[in-house]
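What follows is a set of notes on a single structure, which appears directly below.
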């Protein structure tokens, strides 16, 4: 090939720029090779610079187009080359935009052909139409440059997989479809009139069938109907609820219903959904019997429509069979095992001199067990109550044989000797033992609770903070903190200290703080209780008991081990993760949601997370016995914005990029189209060592979810020394291509989500055997299925609707207060009951007023974001978000701040018409001037409007806080300051606070903060790397404003005199209306030490900027 005809100019490179060049074939100039050159820009720091001023460019060389086949059958490419692509295969094409691609596919006995244009500009998802005579088959084409090269992926949105064992017909649901179609379907007459295409018939266990789709509605939510019997159709069912499983009913001519299981899975490409159908059982209970091959004796009946595990006896030499029935949302798996030792419900041993009569409860026949005899016990009926009944003399008892227990009994009233029965596990086998020896009973029951520990380990951390810093961008991204609790008062009750209620703690602490300064009184009365704070005693009736004042540490763990038991106890008091990026939408990513007023007032404070675990280890068995496993998690909120997600992904995946969808991934997806019954059974019945769980409980989870597409992804973009606007390097948003494609394929756009609540029910299991994988699968499925089912809440939680779900929830919260607080108060007495009624009424009124205002505030806030986005000015949007993040503390401050937003909107709108074109002309010439002019003209309308909407939102936020009485979760500390040398130093609270105040003004985009010192309570002296300035706090608005500022280039070398810093100007400045002349500035600080410290830093910054003069 010859040298390319076109050239590319490196000094005009832009990130993601795409060039096509042609190299002619040396032998025939009419033929050539097209090459795509894709530019990747890598920002670099220039020598002796702190900014990303330089760039390195990488030029990637690809073919112009790569074609992928994601269909479940071969795709034949006719032109520009002839090539057959099986599923998952790809081919590179020597083609340029404007040329045509010709395809051919063989599907269900017909050959379909299509001609598609390689578009110059293309959408992410497009439709191409294949035809075979009058038949039409619409398929999708996904155009993507995710992996830099241009890929065209041919796919079908839905694969239908028929594992029912019967012929199935299905069709896309439409309002024109009638459930019982009376006329011929293929000719589209009668009930199917107006339907786009024919019903599809699919044989059992055949290749995947494609759902016929209309090209106009190709990218939208879809529903379908299914038929097993003639013209009787099921109700419509959705096809896009990925991860969902369920059952649908299909009636026949006799009006009896056949149940079909439906499972919706997503391929790894994010483009295709696999809709699998399996035979299922109706809700009515059904039973089965089994027998061994070559025998006639059958087992007893056992249920197959509900989860069941047990031994079913057979009256022959095989003794019986062990049955395990596992019911999932879309499958029922029955596992059969031949008899082995340990499978019998119980082995009954009689180690007494008295005979024992036993049998199943309700059974007609009973068996007699003589002294010193033993035998296996099996159920005669597993459908009815499974309980063992026994009688020995006058003593009778009934036991369900699921828990370890013991009890004493007498065979007659006249007899003095006592007997004992014990139910315990020996491996997996339950033993039911009768004995008259208390030592045997104690050993068999294994009462290990009273054993002394051989190992005891306790770990206590008051708190720990973890800071996540991107050292390339020199910016802190997040701060995670495990913190201790507030003051806790405890009293010594029943051999240990127990906390007072929160209401009592507040009262006691107030009394203690009042007593503390002068220690005037020996005892203090608090709520009719007498306290001696000097000796830390509390009088109860006539006795004095110990009290203590302390706090709960952030993380506490205890591990104890005895000869036969292990104990683990963990408490995590408080966990919070803060977003430290500037202009973030949500300052707190993860935070604890305080309990309702009633719970927090009348109960002891609880840790955010608490775990308790007790495991028993038997001497004679390897089966682990988990006696107690409880996990408690309090209500919490997760609030993330797109900027935070991008920053985290950039930090952790700077080297690792998303992998392309390969042939291997397609083959794995195609396995879903095979008959999966054996696979499901294998996954459900994986053979592992099972453990016995006596008491397992995971608390309900209540999660508040908020999401925003806004936010900053970090990286301080400074302007150059001459204050000329520098073209910032735009960091592309890093999002999941999988999720984006999925949302686009169903025509859904995720907008702002405000405080959507997921309520996940608790998980509990008692007296059951589980392998680790089985338990993990059940827990995961339990919570995952609930989350999928509750995703409908997102529809109500969309931000543009002002979150009406949140409004309803606020009102209902008031009703709940009114409902359960009187109940709690009544337990403690008449006075508490009356107090509970009063608090409940206040909660109802407060939540009602605050709930309505909060919803309106969220509507206004969303409109404000939308109008701010219309300004097309990222800098304006960022500053607006920083202002909105500072919540008003009072109604007055909210109104004042809102009024300032209106005024500032008008001012910036008018000045933008002048300054935006000038700024654009400096950087982009005539084109930049035109762009700046358009931005200025748009801003003159949208900026005042955005300010007016923010005024409404800010005022309503303040009203809501005042009525509901809630404290919004605040960040634990200001963001870390990283100076211009880019060195990450230990955190300084003082420096961070000063930088936070300095970040309010216009200098935040041009300067790096250095230090600050207080002049007075409402005035600060701040120095940056370029200037010194004085900022004062505005009491009405609550913000800091620049009073004056002086560049280092405008001043002589500053001097220090005691606590006073003198700044002499090189050129005298004219005062107001030029009536006076200003020669310098005098800064009088509060302390000598702070004056010396900031003066030293001022000199260093001055000498770096100006030089040593």
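Residue numbers (our numbering): 815 to 1923. Idealized CB from N, CA, C, for every residue including glycine.
Check your understanding: Run through DSSP, which three-state label would residue 1174 get?
Key -> Translated into positions along the chain shown, residue 1174 becomes position 360. Residue state, collapsed to three classes: strand.
(request) Classify residue 1361 as buried or exposed, calling it buried when 16 or more other Cβ atoms lie within 10 Å of its own Cβ. (result) Residue numbering aside, residue 1361 sits at position 547 when the chain shown is read from its first letter. Buried, because 16 or more other Cβ atoms sit within 10 Å of the Cβ of residue 1361.
Inset, instruction - Thinking residue 1122 and residue 1160 are a contact (beta carbons under 8 Å), I'd like their distance in whole angstroms, please. - result: Start at 1 with the first residue of the chain shown, and residue 1122 comes out as number 308. Start at 1 with the first residue of the chain shown, and residue 1160 comes out as number 346. In fact, because the Cβ distance is near 18 Å, the residues do not count as touching under 8 Å.
- State the Cα-Cα distance for the pair residue 1441 and residue 1063, rounded to the nearest angstrom. Start at 1 with the first residue of the chain shown, and residue 1441 comes out as number 627. Start at 1 with the first residue of the chain shown, and residue 1063 comes out as number 249. Using only the alpha carbons, I get a separation of about 42 Å.
(Q) Please classify residue 1026 as buried or exposed, where buried requires at least 16 other C-beta atoms within 10 Å of its C-beta. (A) Along the chain shown, read from residue 1 onward, the residue named residue 1026 stands at position 212. Burial call: buried.
My output table needs one value for residue 1370: the three-state DSSP class, helix, strand or coil.
Locating residue 1370 in the chain shown gives position 556, counting from the first residue. DSSP places residue 1370 in strand when its eight states are reduced to three.
**Asked** What residue from 1155, 1049, 816 has the CA that sits closest to residue 986's CA?
**Response** The sequence position of residue 986 within the chain shown is 172, counting from 1. The shortest C-alpha separation from residue 986 is found at 1049.
Considering Cα atoms alone, identify which of 1168, 1855, 1824 is closest to residue 1918. Sequence index remark: in the chain shown, residue 1918 carries index 1104 (1-based). That would be 1824, whose Cα lies nearest to the Cα of residue 1918.
### the stretch 872-888 contacting the stretch 917-934, beta-carbon criterion three pairs below 8 Å
yes
Test item: CB-CB of residue 1113 and residue 1134 under 8 Å:
Position 299 of the chain shown, counted from the first residue, corresponds to residue 1113. Position 320 of the chain shown, counted from the first residue, corresponds to residue 1134. Yes, these two residues count as a Cβ contact at 8 Å.
**Message:** By alpha-carbon positions, which one of 1077, 1086, 851 ends up nearest to residue 1093?
**Reply:** Within the chain shown, numbered from 1, the residue matching residue 1093 stands at position 279. Checking every option, the nearest Cα to that of residue 1093 belongs to 1077.
**Message:** Tell me the rounded alpha-carbon separation between residue 1140 and residue 1120.
**Reply:** If you number the chain shown from 1, residue 1140 lands on position 326. If you number the chain shown from 1, residue 1120 lands on position 306. Between residue 1140 and residue 1120, the C-alpha separation is close to 7 Å.
Worksheet item: Does DSSP classify residue 821 as helix, strand or coil?
Response: Translated into the one-based positions of the chain shown, residue 821 becomes position 7. Note: residue 821 maps to coil in three-state DSSP.
_At the level of alpha carbons, what is the spacing between residue 842 and residue 923?_
The residue given as residue 842 occupies position 28 in the chain shown. The residue given as residue 923 occupies position 109 in the chain shown. Distance between the alpha carbons of residue 842 and residue 923: 42 Å.
Could you give the first and the last residue of the continuous beta strand (DSSP E) run that contains residue 1059? On the chain shown, residue 1059 is found 245 positions in, with the first residue counted as 1. 1059-1065 is the extent of the beta strand (DSSP E) around residue 1059.
- In or out: residue 815 buried (at least 16 other Cβ within 10 Å) or exposed? Translated into positions along the chain shown, residue 815 becomes position 1. By the 10 Å Cβ count, residue 815 comes out exposed.
### Message
DSSP three-state label for residue 1812, please.
### Response
As a position in the chain shown, residue 1812 is number 998, starting the count at 1. Looking at residue 1812 - three-state DSSP - the assignment turns out to be helix.
*Return the chain-ordered list of same chain residues with a C-beta closer than 8 Å to the C-beta of residue 1482, the five sequence neighbours on each side being excluded.*
Here residue 1482 is taken as the residue at index 668 of the chain shown, counted from 1. 1082.
Would you check if there are 3 or more beta carbon pairs closer than 8 Å linking the stretch 1332-1341 to the stretch 1274-1292?
-> no
Open item on the list: Whether or not the stretch 1052-1060 and the stretch 937-949 are in contact is what I'm after, with contact meaning three or more pairs of Cβ atoms, one per stretch, closer than 8 Å; do they touch?
Closed with: no
Subject >> Assigned secondary structure, residue 1910 (DSSP; H/G/I helix, E/B strand, else coil) >> reply: As a working mapping, residue 1910 is identified with position 1096 in the chain shown. Residue 1910 falls in the helix class under three-state DSSP.
Open item on the list: Less than 8 Å between the C-beta atoms of residue 915 and residue 901, yes or no?
Closed with: Along the chain shown, one-based indexing puts residue 915 at 101. Along the chain shown, one-based indexing puts residue 901 at 87. For residue 915 and residue 901, no; Cβs fall outside 8 Å.
Below 6 Å CB to CB, which residues in the same chain sit around residue 1353 once its five sequence neighbours on both sides are set aside? The count along the chain shown starts at 1 and reaches residue 1353 at position 539. The answer, listed in chain order, is 1344.
Is there a C-beta anywhere in chain B that falls below 8 Å from the one on residue 1213?
Absent from the structure is chain B; it holds one protein chain and no more.
Exposure label - residue 1039; buried when at least 16 CB within 10 Å: Start at 1 with the first residue of the chain shown, and residue 1039 comes out as number 225. By the neighbour-count rule (16 or more Cβ atoms within 10 Å), residue 1039 is buried.
Own chain, CB closer than 6 Å to residue 1404, minus 5 neighbours either side, in chain order: For this step, residue 1404 is matched to residue 590 along the chain shown. Correct list, in chain order: 1391, 1452.
Query raised in the report: residue 1484: which of 1021, 1588, 838 sits nearest, CA to CA?
Result: Within the chain shown, numbered from 1, the residue matching residue 1484 stands at position 670. The candidate whose alpha carbon is nearest that of residue 1484 is 1021.
* To do: Inspect the CB distances between the stretch 1872-1881 and the stretch 1901-1914 and report whether three or more fall short of 8 Å.
  => yes
Notebook entry, point to check: Taking the alpha carbon of residue 1893 as the point to measure from, which residue in 1906, 1908, 1877 has its own alpha carbon closest?
Noted result: Against the chain shown, residue 1893 aligns to sequence position 1079. Considering only alpha carbons, the answer is 1877.
Nearest CA to the CA of residue 927: which residue from 893, 911, 960, 908?
-> Taking the chain shown and counting its residues from 1, one reaches residue 927 at position 113. The shortest Cα separation from residue 927 among 893, 911, 960, 908 belongs to 893.
Q) Do you know whose CA, among 1131, 1126, 1024, lies nearest residue 1088's CA? A) Here residue 1088 corresponds to residue number 274 of the chain shown, with the count starting at 1. Nearest option by C-alpha distance: 1024.
Could you give the first and the last residue of the continuous alpha helix (DSSP H) run that contains residue 1265?
Counting from one through the chain shown, the residue named residue 1265 turns up at place 451. Residue 1265 -> no alpha helix (DSSP H), and no H or E assigned at all.
Point to revise | Stretch pair the stretch 1569-1577 + the stretch 1506-1520: three plus CB contacts closer than 8 Å | key: yes
Notebook entry, point to check: For residue 1424, which option in 1589, 891, 1383, 1397 has the closest C-alpha, if you only look at C-alpha atoms?
Noted result: The residue given as residue 1424 occupies position 610 in the chain shown. The candidate whose alpha carbon is nearest that of residue 1424 is 1383.
Within 8 Å, strictly: CB atoms of residue 1163 and residue 1248:
Here residue 1163 corresponds to residue number 349 of the chain shown, with the count starting at 1. Here residue 1248 corresponds to residue number 434 of the chain shown, with the count starting at 1. In contact: residue 1163 and residue 1248 (Cβ atoms closer than 8 Å).
Identity of the residues DSSP links to residue 1518 by a beta bridge | For the purposes of this step, residue 1518 is identified with residue 704 of the chain shown, where counting begins at 1. For residue 1518, which the question treats as bridged, DSSP gives the partners 1451, 1571.
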